[in-house]
Amino acid sequence: MKLAFKKKSADAAGQVDFSRLPRHIAIILDGNGRWAQKRGLPRTAGHKVGAETFRSIATYCRDIGIEYLTVYAFSTENWKRPREEVDTIMVLLKKYLLEAIDTMERDNVRLSFMGDLSVLSGELRELADRCNDISARLTGCLCSICINYGGRAEIVHAAQTFAEECRTGLVKPEDLTEEGFARYLYSAGIPSPELLIRPGGEQRLSNFLLWQCAYAEFYFTNVLWPDFSKEELHRAIAAYQKRNRRFGGVKQE
Ligand code: FPP
1 MKLAFKKKSA DAAGQVDFSR LPRHIAIILD GNGRWAQKRG LPRTAGHKVG AETFRSIATY
61 CRDIGIEYLT VYAFSTENWK RPREEVDTIM VLLKKYLLEA IDTMERDNVR LSFMGDLSVL
121 SGELRELADR CNDISARLTG CLCSICINYG GRAEIVHAAQ TFAEECRTGL VKPEDLTEEG
181 FARYLYSAGI PSPELLIRPG GEQRLSNFLL WQCAYAEFYF TNVLWPDFSK EELHRAIAAY
241 QKRNRRFGGV KQE
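Heads up, the sequence shown is in my numbering, so the first residue is 1 and it goes up one at a time.
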């Protein structure tokens, strides 16, 4: 499939085979604070631009036919940040969801959420519910925003739900399979990401999608999230397409 691109992004786009894209891309949104500090701005200015970057990357993923995009926006550990920063992130989230409610249908981008949302304000939870309801009528890229999310907490939550179903006699421990367990995770029904991208220069998973990334290809870049562009996405996809995915087997000739 050939797509037209502006000259600036032509090189990396030229290396992407758009007929062989990953179905699911996961991204750790990192580097917002440093992006702002480099410009002498408060860290929260970086989160504001970071939310806009998410909007444009999500729309672009829909354009090229990526089926699932999952982003790590706020971890279970991020509550340790200064109160003002946490409050600003929540305000940005509210603003984002309010705008999404008005534009999702037009844009055909679905929004859903992963994580323990019970600690969020009633208003944010209600907005998240409205996004879920609208998404149920749409078909475009499913963008999952991870909020108050931790990979270990997700697995513990799944295990507790399964144990409770065992206790009530609904299921039996010996019948549990890997596929069956995945249905208890927040990501139930969503295939595992083939490509995990981490901007911001760090090379770690930081408790993100621990179960789901078992066979993901990792792409790390020093680009800070607010500067992340289509061009950088093309680089990540091109790098992924050059990898030899063996899943523990041997190379297919
Ligand atoms: C990581 O950068 C970013 C966050 C912890 C917050 C991300 C939240 C948003 C962009 C707002 C709303 C999100 C969406 C998807 C609508 P960092 O602050 O850890 O950066 P640093 O490593 O440079 O300090």
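Glycine included, each C-beta is placed from N, C-alpha and C at the ideal position.
For residue i, which beta-bridge partners are listed by DSSP?
| i | result |
| --- | --- |
| Ala26 | Thr70, Leu196 |
| Leu142 | Tyr68, Arg110 |
Mapping DSSP to helix, strand and coil, what is residue i?
| i | result |
| --- | --- |
| Ser187 | coil |
| Val223 | coil |
| Asn148 | strand |
| Phe218 | strand |
| Gly169 | coil |
| Glu202 | coil |
| Thr177 | coil |
| Ser9 | Unreliable placement is indicated for Ser9, whose pLDDT of 45 sits below 50; no coordinate value is reported for it. |
| Ala158 | helix |
| Gly248 | coil |
| Asn132 | helix |
| Arg43 | helix |
| Arg20 | coil |
| Gly14 | helix |
| Arg137 | coil |
Taking residue i and residue j to be in contact with their CB atoms under 8 Å, please state how far apart those CB atoms are, rounded to whole angstroms.
| i | j | result |
| --- | --- | --- |
| Gly14 | Gly33 | Contact flag wrong, Cβ pair sits at about 34 Å. |
| Val223 | Pro199 | 5 Å |
| Tyr72 | Cys143 | Contact doesn't hold; Cβ gap of about 12 Å is too wide. |
| Trp211 | Leu29 | Rounded, the Cβ-Cβ distance is 20 Å, inconsistent with contact. |
| Gly115 | Tyr149 | 3 Å |
| Thr70 | Ala26 | 5 Å |
| Arg110 | Ser135 | 4 Å |
| Cys131 | Cys61 | About 17 Å; that fails the 8 Å criterion. |
| Asn78 | Arg152 | Going by Cβ atoms, the distance from Asn78 to Arg152 rounds to 15 Å, so no, they are not a contact pair. |
| Thr88 | Thr139 | Not really, about 33 Å apart at Cβ, beyond 8 Å. |
| Arg55 | Gln241 | Not really, about 25 Å apart at Cβ, beyond 8 Å. |
| Tyr184 | Ala214 | So it is not a contact: roughly 16 Å between Cβ atoms. |
| Pro22 | Leu195 | 5 Å |
Along the alpha helix (DSSP H) that carries residue i, what are the first and last residues, could you check?
| i | result |
| --- | --- |
| Asn32 | 32-38 |
| Leu209 | Neither: Leu209 is in no alpha helix (DSSP H) and is coded neither H nor E. |
| Gln241 | 230-242 |
Taking 7 Å as the cut-off, is the beta-carbon of residue i closer than that to any non-hydrogen atom of the ligand MG?
| i | result |
| --- | --- |
| Phe162 | Among the ligands in the structure shown, the ligand MG does not appear; only the ligand FPP can be found there. |
- request: Would you list, in sequence order, the uninterrupted beta strand (DSSP E) runs of no fewer than 3 residues that lie entirely inside the segment 46-129?
  value: Listed in chain order, they are 68-75, 110-114.
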